[in-house]
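These notes are about the structure you will find just below.
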Amino acid sequence: MAAAAAAAVLPSLTPSSSAACPSSSSGTLQSAVFCGSLPPKQRFLRSLRQTSLGGLNVSTPRGSKRRSTTVLRALIAPDGGELVELVVPEVDRASKQAEASSLPCIPLTPIDVEWVHVVSEGWASPLRGFMRETEYVQALHFNSLRVADGSVVNMSVPIVLAIDDFQKEAILSSSSIALRAPCTAEIIAILRNIEIYKHNKEERIARTWGTTAPGLPYVEEAITNSGNWLVGGDLELRNPVHNGHALLMTDTRKRLLEMGYKNPLLLLHPLGGFTKADDVPLEWRMKQHEKVLQEGVLDAESTVVAIFPSPMLYAGPTEVQLHAKARINAGADFYVVGRDPAGMGHPTQKRDLYDPDHGKLVLSIGAPGLERLNILPFTSVAAYDVSQGKMAFFDPCRAQDFLFISGTKMRNLAKSGEKPPAGFMCPGGWQVLVDYYHSLATHEQGEASTA
């Protein structure tokens, strides 16, 4: 969805000439646009040619000579004026590790680690750690934080660390604690000047998702069985949190600056953290993005691929503000938003959980702290133009010429190994989807035979 929206802003890509870009899950593919002077024919993705993704090598165009560039202006400043980086200098790492080994220790969940990744690299700047109570209340009730100079920055989602009663008692007398990676003894961070406060789960869920209905994926994964207390404080990391496939925030900004400025530059920025069970995993989405670039659906010369390390909350208009804020911190001028961003179906009723237009409306009318970001709402509906044999924007004057292929129908076609109409999706991207569902079927058959 977001990649299709990029057709409106990339000079080399227009709705009339583009096939559908593979879209694998609501809200997990996102894009931002950077304005300025891009040197002609520079293939920036050459430097991302071999991006490791847990055994997957993402191939990108080769053969271009790198050109020197002159940056005409800097990227827009991150929230708070300075990008937060919480990794200690290398010279201090040994002493910090020794200190951490002497502190009370809290084990993290995989989602906790994803939030450490988000905060420590500056995607949530100016936040410097897990929220203390005053920050939590502001995020929960105002969707924003007031910083030291009196200005307001967007912060629509609480970023918190839950602990149970036993853990609370164990750290109560400490001002700093160590944070341990899941299922290992590795200490990944110190949380300093901690504050412990009550975790009112019902209030948090109701205000973030607008419902307390059972079946919310993130809630069931990260909140329902979590502790009754929250601990906030300032993070300090010995090493960057690395998933192998993700560009660090500082690397992302550096690479964007290296591009220079002339034409719009697209940041293709899929979400890399937790997603619900029926969403296509990141590894397969990255394979799709590779095909989209290889087959020219998106222009590889003006597209940067990076990973946004956040977990997916499926909190609709509330969550999409966090996604937009993170792109401000990356330096984006524009943010492309389509239908029902970060949304999902209602967990107990046959309807959307959120109004499909409210996500882009919230951003377009200027959510607090997001005024600097230009919103590009994707208002037209894309459909398959039978008369032209390709994807195009729906024209109600000739409605009989258009075919709407739902996500459910697309998945069913892929599962059965069938092909969609020619021009609906780039062939390579479609084959990745077919291969993914084939791998699921093979895995299920293997489990059945074992049982």
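Under the UniProt record's numbering, read the sequence shown as residues 1 to 451, first letter to last. Glycine included, every Cβ here is placed at the ideal spot set by N, Cα and C.
For residue i and residue j, I'd like the C-alpha separation in whole angstroms.
i	j	result
K168	W229	7 Å
A98	G296	51 Å
V116	L235	8 Å
V432	F130	38 Å
W284	G366	34 Å
residue 453	D435	This structure gives no information on residue 453, because the portion of the chain shown stretches from 1 to 451.
L75	E135	27 Å
W430	A414	8 Å
D395	P377	18 Å
Y354	I187	39 Å
N200	A383	44 Å
G54	D278	Here G54 scores only 31 on pLDDT, less than 50, and its place in the model should not be relied on; the value that follows carries that caveat. Going by the C-alpha atoms only, they are around 20 Å apart.
G345	K276	12 Å
G331	K350	39 Å
E221	G316	17 Å
A94	H141	40 Å
L363	N239	35 Å
I196	C105	15 Å
S101	M286	37 Å
V320	G150	24 Å
A392	A206	39 Å
H438	N412	12 Å
F404	D92	58 Å
Should residue i and residue j be called a contact, given that it needs their Cβ atoms to be closer than 8 Å?
i	j	result
P78	S125	yes
V241	I194	no
A189	P158	no
L370	Y218	no
L237	V88	yes
I223	L103	no
T208	T318	yes
P270	P182	no
R192	G233	yes
residue 463	P311	No statement about residue 463 is possible, as the shown extent of the chain runs from 1 to 451 and does not include it.
L268	T211	no
A324	L373	yes
L86	R132	no
A441	W123	no
A32	V336	yes
K291	G428	yes
The alpha helix (DSSP H) spanning residue i covers which residue range?
i	result
W284	L282 to Q294
V231	Premise fails: V231 lies in the beta strand (DSSP E), W229 to L237, not in any alpha helix (DSSP H).
A326	G316 to A330
L145	Per DSSP, L145 belongs to no alpha helix (DSSP H); it is in the beta strand (DSSP E), S144 to R146.
I205	K201 to W209
I171	D165 to I171
Q97	R93 to S101
Could you give the first and the last residue of the continuous beta strand (DSSP E) run that contains residue i?
i	result
A383	A382 to D385
V153	V152 to N154
E114	Counting along the chain, E114 falls outside any beta strand (DSSP E), though it belongs to the alpha helix (DSSP H) covering P110 to E121.
Y197	I187 to K198
residue 452	A question about residue 452 goes unanswered here, because the residues of the chain that appear run from 1 up to 451.
T303	T303 to V305
Y335	F334 to V337
S176	S176 to R180
N374	N374 to P377
L75	Neither: L75 is in no beta strand (DSSP E) and is coded neither H nor E.
L267	L265 to L268
Under 8 Å Cβ to Cβ from residue i, same chain only, skipping five residues before and after it: list those, please.
i	result
D165	G227, N228 and W229
Can you list, in chain order, the residues of its chain whose CB lies under 7 Å from that of residue i, leaving out five sequence neighbours each side?
i	result
S144	Q138, V152, V153, N154, M155, P368 and G369
V203	Residue identity differs from the one stated: residue 203 is Glu in this sequence, not Val. Within the same chain, E203 has no close Cβ partners at all.
D401	D385, V386 and S387
Below 6 Å CB to CB, which residues in the same chain sit around residue i once its five sequence neighbours on both sides are set aside?
i	result
L322	S156 and V157
A213	P347 and T348
R146	V152
A148	none
V118	A124, P309 and S310
G446	none
Measuring only between beta-carbons, confirm whether residue i sits less than 8 Å from chain D.
i	result
T275	Absent here is chain D; the protein component of the structure consists of one chain.
Cβ of residue i versus every heavy atom of the ligand MN: is any distance shorter than 7 Å?
i	result
Q388	Ligands in the displayed structure: none, and consequently the ligand MN is not present.
Evaluate the contact criterion for the region 420-429 versus the region 377-395: three or more CB pairs, one atom per stretch, below 8 Å. Contact between the region 420-429 and the region 377-395 is present, because at least three Cβ pairs lie under 8 Å.
For the region 81-98 against the region 169-176, do three or more pairs of beta-carbon atoms, one drawn from each stretch, fall closer than 8 Å, so that the two count as touching? Cβ pair count under 8 Å is below three, so no.
Are the region 335-342 and the region 353-361 touching, with three or more C-beta to C-beta distances below 8 Å? With the cut-off at 8 Å, the region 335-342 and the region 353-361 touch.
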